[in-house]
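All residue numbers for the sequence shown refer to our numbering, where the first residue is -6 and numbers rise by one. The beta-carbon is built from N, C-alpha and C at its ideal position, and this holds for glycine as well. The structure displayed is predicted, hence computed values, not measured ones.
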Amino acid sequence: MDEVGLVSAPEKIFDTVKVASFLNNCFSQAPDLKIFRDNAVVELRRIRNAGMDEIASSFLQDPLAAEKVIRSYTWLTDCIVKSVWNISKIWLHPVPNPTQAEKLSLIAVGGYGRREMAPYSDED
């Protein structure tokens, strides 16, 4: 999803550069994969909560921006999902040359698939 039409600046909702840097540093400093995973989950949860707060705060400033808010929640979820995907693919389960059977897919359905996330839409 592109970043056009968000309720706030993209980096205020989810700073992709900072998150990528954090994950690289976290991986290089963690003594094992479990600690890396645990630290990544804690940080992504914190970042998600901060992004949700940013969206809510921006919405209070512009209560008629419902469409932008919906896009922003979806964009934040996209960023979290992409981060988790990268954690799995790059660090937890790297496969340098995957066979057809080893390739993965990720499919979004429901409100998320339609890019219509509400503030408390479930993500499973």
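Query                                                                                                                                                             : Result
Are the Cβ atoms of Ser1 and Ser76 separated by less than 9 Å?                                                                                                    : no
In chain order, which continuous runs of the beta strand (DSSP E) of length 3 or greater are located wholly inside the stretch 45 to 115?                         : none
Who are the Cβ neighbours of Ser81 in its own chain at under 6 Å, not counting the five residues just before and after it?                                        : none
Is it a yes or a no for the stretch 37 to 44 touching the stretch 6 to 24, going by three-plus beta-carbon pairs under 8 Å?                                       : yes
State the DSSP-derived secondary structure class of Ala3, mapped to helix, strand or coil.                                                                        : Note that residue 3 is Pro in the sequence shown, not Ala. Helix at Pro3.
So, for Pro56: in the same chain, excluding its five sequence neighbours on each side, which residues have a beta-carbon less than 6 Å away from its beta-carbon? : none
Buried or exposed, going by whether 16 or more other CB atoms sit within 10 Å of the CB of Arg64?                                                                 : buried
Taking only the alpha-carbon atoms, compute the straight-line gap between Gly104 and Thr70 and give it to the nearest angstrom.                                   : 11 Å
Can you give me the C-alpha to C-alpha distance between Gln54 and Leu(-1), rounded to a whole angstrom?                                                           : 14 Å
When burial is assigned at 16 or more other CB atoms within 10 Å of the CB, is Glu60 buried or exposed?                                                           : exposed
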